[in-house]
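Structure, as structure tokens:
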Amino acid sequence: MRTTSSITVGRAAELAMLGGALAAARQRAGGAVFLLGEAGIGKSRLAGECAYHAYGLGLPVLRGRGSSTGTVTPFRPLIEALSSRFRAAGPPTDPELAPYRPALARLVPEWRDAAPAAGAGAYPETVVELAEALLRLLAVLGRDQGCVLLLEDLHDTDAETVAVLEYLVDNLAGLPVLLLATLRAEPGPALELVRAAERRRAATVAELPPLPPAEVTALAAAILEDATGELPAPLVEHLVERGDGCPYLVEELLSDLLDRGVLRRAEDGRWQLADGSRPGVPSTIVRSWGHRIDQLDPQVRELLLTAATLGSRFSVTTVQLITGYDDRTLFSHLRSASEANVIVPDGSAPDRYAFRHALTADAVTAALAPAERAALARRAARSIVRADPELADERRQLVASLLLLSGDRAGAAVHFAEAGRRVLEAGAAGSAVVLLERAHELAADTERACVTELLLPALAESGQLDRAFELVRTLPPVPPSATAAPGPGSGPGSGPGSGEGRGPLPTPAVERRIELHTRLAWAAVMAERGPDAVAQVSAARALTAGRPRPEQDAALAVVEGHLALLPDHTPGPVDSGDDRDHETTSPTAARLAEAERRARRAAEVAERAGLPVVACQAWQLLALLSREQGFDAADACLERMLAVAEANALPVWRVEAMLRLGANAFMRTGDGTRLERAREAAAGLGAIVLTQTLDGLLAMNAVMRGDWHTARTTVDRCLDATARLHNLAAHRYLLLSSATLAAHLGRTREMEHELARFRQAGGEESFLTPLRYGLCRAVGALLAEDRPGARAELAAGLAWEEEHPSVFYLAGRHGLHPLLEVVEGHWDRAALDRAAAAPAAELAWNRQFLRFADAVLLGREGRPAEAARALADTGPGAASFPLAHHLALRLAAETALADGWGDPVAWLRTAEEYFHQLEVQPVAAACRTLLRRAGASVAQHRGGRDAVPAGLRTCGVTVREYEVLVLLADRPGNQELARKLSISPRTVEKHLASLLAKTGHPDRAALCALATELRTGS
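The number in the working numbering is simply the position in the sequence shown, starting from 1, with 229 added.
See the structure below:
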């Protein structure tokens, strides 16, 4: 009879908690629940009850589980979960998921676009990007009434899945999603995740205790379908004593008693023990399973022992490789094992079976003698290698586990190392670390150094730089005469050595060690860890003995070039790679010039040597360094970078090149079109981090263009997402954009608040410091009419740039600062000419300020006509950068009043109107003060002023004057105008005289014609 309960016993509190979590998810109050407990305690049963309840409510349920074979497959539970939902339904079609489909395609390959854009290639998204994509997918699925992501056996899951779940746990609040997961309390990353989430109250953790005696009795009654309520007391004592409150063990104990005929149902329906005596107790569940397996056909027994050696879940194909059975025989034996209630079909894949419980497989293998178990594992490993020498997919890890079980630690190390290398190539650095750490622990002393060399890049790519730099110091020195690394065919696990597909690990060699130190140096410099980068570059150069091959020198030169740009990097001999430069520490400019020279040589060498990534790195560095020569030179470098990326299908570098070309184009012209195209390319690629970087640039673009709504919308849409993804660079830039937006709107308190957030994110220790001074705080001070404060902020920015290399050219040095110095009388023509000669002077933002400064100097030099023409040339800036244009107009008008040139009254009225509309009252008030000083009329900002056309407002036409003008279209007399407006005829005459003076029209007839034009819209 069936020995499982049809009801859940003893878990009322847990069921109520899960019901509440489901209800909360339906109300957009999502969260995470972890069910923790030993094997067989009932975790899966509770999760199944929750899933059944969710199905009944109409909620989508995505269900997956960790591997139980010991293999490490990145994202396996998540792949199963998405497949369980979308295998039949196909990919989601919601437009808002379009940017995330490329990332989600890593979990469901069928979702990949059939024809990617030319040169796009495949984007290796980060785990955090994938987690954000999954979060968006779950939010869409649960939009109507909530959804459930159910993941079981997380103690057997991979590092990438744990990282994704950590992200989900921290970001489910406010979403209609319930994450429900089960795991054993076994040490590992999954348990660490659960405990950390519990400590910060980000998840609910329910630890399932053993069932008390009363619940064990109720469970037994449910299994036996006992309606009498009177189970034999010796039976209950036996179940309580031997079952330890574990539902699975209680079920197995009852199954054993029933199989042996010790427990029977009497004619009256009561359960009885044979002869009314206490049953003999099997010493262990293992013995019970051994007895049950022995009752089966020998070939079925052999199949089950083989399958149990593979784990609690197994592939039919793998079992067939080991046993050699044909299809008919194999499936006949599988059917017999299933009918014996030992195994069941596994719903995760058509060719998989699972033992009825994880403990079942353990019990089956534990029944074997150790020597027999080792021999079985060895035979299985050999059979798999013989049938599949390439050992694709999970089989290499399976062979490694079997060899370890057989006692061959060195053989297992080789296969774990090769599996880790392959996983790292696929982009799953976290899983690669797990596999390579296993290999490192198991490897023979003669092979451990080679495994370490495989492990170090994985640690670096997974962000474990501290561990990487600690481990690299343990590597033994490499003799200079060591040979180069063997070719791909002699790598780990590629040969048939020892009968299990094992070849000797390659001997550590100078060439490979140099490449290793270079990779670690690149990781360090990208993380702005200057001392670590220097140490790795030094180690690499020491191994070259001063004679690096050109391609080695190229890769190192790129790292050293980026070192030269680090804000706090102190130059040293390693920076140049040339003994001639070692005598003294070069100043910043000379150091950057040397870095540029060597980067250019590196780019040429990398392209000749077929190293496209190094070439892209070099061209990107050159684009930054070449800006001092002019932006044509910088763009030429970026165009070459783009060409190399497209020719070699490097999608990330292609978008990087597009991003930088777009940024340069905006700075040069004020046009953000190329930035928009770059963002489309990044989004189409699924490059979420790059897309966020572009969003930051576009937000600042919008601020500078005076598109306040777009700037605010972009910041609000992206800021939280960049924080979730720990995209610190984009997060800081968005915070600075938000602060600059507040500054350009004259909102000082809001600016300070945003700058405080910028500071908390480490912004003041970043490359963005000059922009904080010049583009944000200095402009804010000018809008508060605090000119000394603005000059102080600009001076602070200039001082920072003197001490640190800077890649930003809109921070004031080349534009706003020269204008202020000219206006204040501190700069003469020679000083301005020097500023205008810099390549950055041609950037649109800077150019407008320099043209205003030129006009001011011309006026001061007694050349009024030239001054007026120079100021007229600033007109295009009004369209591209309206705030900057009107601020400069206000500054120039003041000097024009003093020096007697141009039309300062008109300029002040234009500026006053703009800043009044922007509600920047200090500047608007200053303009009105200057107008009064000039003896000009000052506009009164009464209600209805928005109805006055902008051209008339600029002329100073008031609301009342405009009311008079509009009525002139009907050509009334003064008396009629006075009656309609409830004013005196004398007042009408004054308004008409003012209109003639302000508009420049010759007479009343001309005003009537103007009024007619306004009415008809012509």
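Glycine residues also receive a C-beta, built at the ideal position from the N, C-alpha and C atoms.
Counting C-beta neighbours from all protein chains within 10 Å, is the total for residue i 16 or more, i.e. buried, or is it exposed?
i, result
"residue 599", "exposed"
"residue 1242", "exposed"
"residue 560", "exposed"
"residue 951", "buried"
"residue 281", "exposed"
"residue 236", "exposed"
"residue 1219", "exposed"
"residue 775", "exposed"
"residue 1251", "Given a span of 230 to 1247 for the chain in the structure shown, any question on residue 1251 remains unanswerable."
"residue 722", "Unreliable positioning characterises residue 722 in this predicted model, as indicated by a pLDDT of 37, which lies under 50. The coordinate reading is nonetheless provided below. By the 10 Å Cβ count, residue 722 comes out buried."
"residue 1133", "buried"
"residue 384", "buried"
"residue 849", "buried"
"residue 498", "exposed"
"residue 580", "exposed"
"residue 781", "buried"
"residue 1211", "exposed"
Which residue wins for smallest C-alpha separation from residue i, given the options the options?
i, options, result
"residue 910", "888, 1146, 930", "888"
"residue 881", "1193, 918, 502", "918"
"residue 1062", "1053, 1086, 1039", "1086"
"residue 1137", "1177, 1184, 1110, 1098", "1184"
"residue 1194", "1238, 673, 1231", "1238"
"residue 1018", "1002, 1029, 1148", "1002"
"residue 1245", "1198, 1008, 267, 438", "1198"
"residue 666", "650, 356, 656", "650"
"residue 960", "453, 1152, 840, 945", "945"
"residue 265", "399, 393, 371, 424", "424"
"residue 535", "464, 884, 634", "634"
"residue 488", "780, 570, 411, 871", "570"
"residue 916", "260, 332, 257", "332"
"residue 413", "458, 340, 268", "268"
"residue 565", "526, 899, 476", "526"
"residue 432", "460, 457, 396, 467", "396"
"residue 283", "593, 378, 563", "378"
"residue 568", "367, 549, 743, 521", "521"
"residue 340", "308, 371, 370, 1036", "308"
"residue 652", "466, 1108, 304, 1215", "304"
"residue 1235", "448, 939, 1200", "1200"
Among residues of its own chain, excluding the 5 on either side of residue i, which ones have a beta-carbon nearer than 6 Å to its beta-carbon?
i, result
"residue 671", "638, 641, 642"
"residue 427", "434"
"residue 469", "442, 445"
"residue 1144", "1152, 1153"
"residue 239", "440, 444"
"residue 348", "At residue 348 the pLDDT is 46, less than 50, meaning the model places this residue with poor confidence and gives no usable figure here."
Might you give, ordered along the chain, the residues of its own chain that have their beta carbon closer than 7 Å to the beta carbon of residue i, omitting 5 neighbours on each side?
i, result
"residue 287", "374"
"residue 1052", "1085, 1120, 1124"
"residue 864", "890, 893"
"residue 1157", "1141, 1167"
If I measure Cβ to Cβ from residue i and keep anything under 8 Å in the same chain, skipping five residues before and after, which residues do I get?
i, result
"residue 920", "328, 908, 911, 912"
"residue 624", "547, 613, 617"
"residue 450", "458, 460"
"residue 754", "762, 788, 791, 792, 795"
"residue 241", "none"
"residue 1249", "This structure leaves residue 1249 out entirely; the chain is present only between 230 and 1247."
Report task. Ignoring anything shorter than 4 residues or poking outside the segment 294 to 328, list the alpha helix (DSSP H) runs there in chain order. Result -> 305 to 315
Report task. Determine contact between the segment 950 to 968 and the segment 922 to 933, defined as no fewer than three beta-carbon pairs at a distance below 8 Å. Result -> yes
Query raised in the report: Should the segment 438 to 454 be called in touch with the segment 554 to 568, which here means at least 3 C-beta pairs below 8 Å?
Result: no
Query - Any alpha helix (DSSP H) of 4 or more consecutive residues that is wholly inside the segment 1072 to 1112 - result: 1073 to 1089, 1093 to 1101, 1104 to 1109
Query raised in the report: Where are the alpha helix (DSSP H) runs, 4 residues long or more, that stay fully inside the segment 394 to 460, in chain order?
Result: 418 to 428, 442 to 453
Query raised in the report: Is it a yes or a no for the segment 658 to 676 touching the segment 578 to 597, going by three-plus beta-carbon pairs under 8 Å?
Result: no
Requested in this report: Enumerate, from N- to C-terminal direction, the unbroken alpha helix (DSSP H) stretches of 4 or more residues contained entirely within the segment 935 to 990.
Outcome: 937 to 953, 957 to 973, 977 to 989
Query raised in the report: Unbroken alpha helix (DSSP H) runs of length 4 or more, entirely within the segment 581 to 669: which are they?
Result: 587 to 595, 599 to 616, 624 to 635, 638 to 654
Query raised in the report: Is the segment 866 to 880 in contact with the segment 1069 to 1086, if contact means three or more CB pairs nearer than 8 Å?
Result: no
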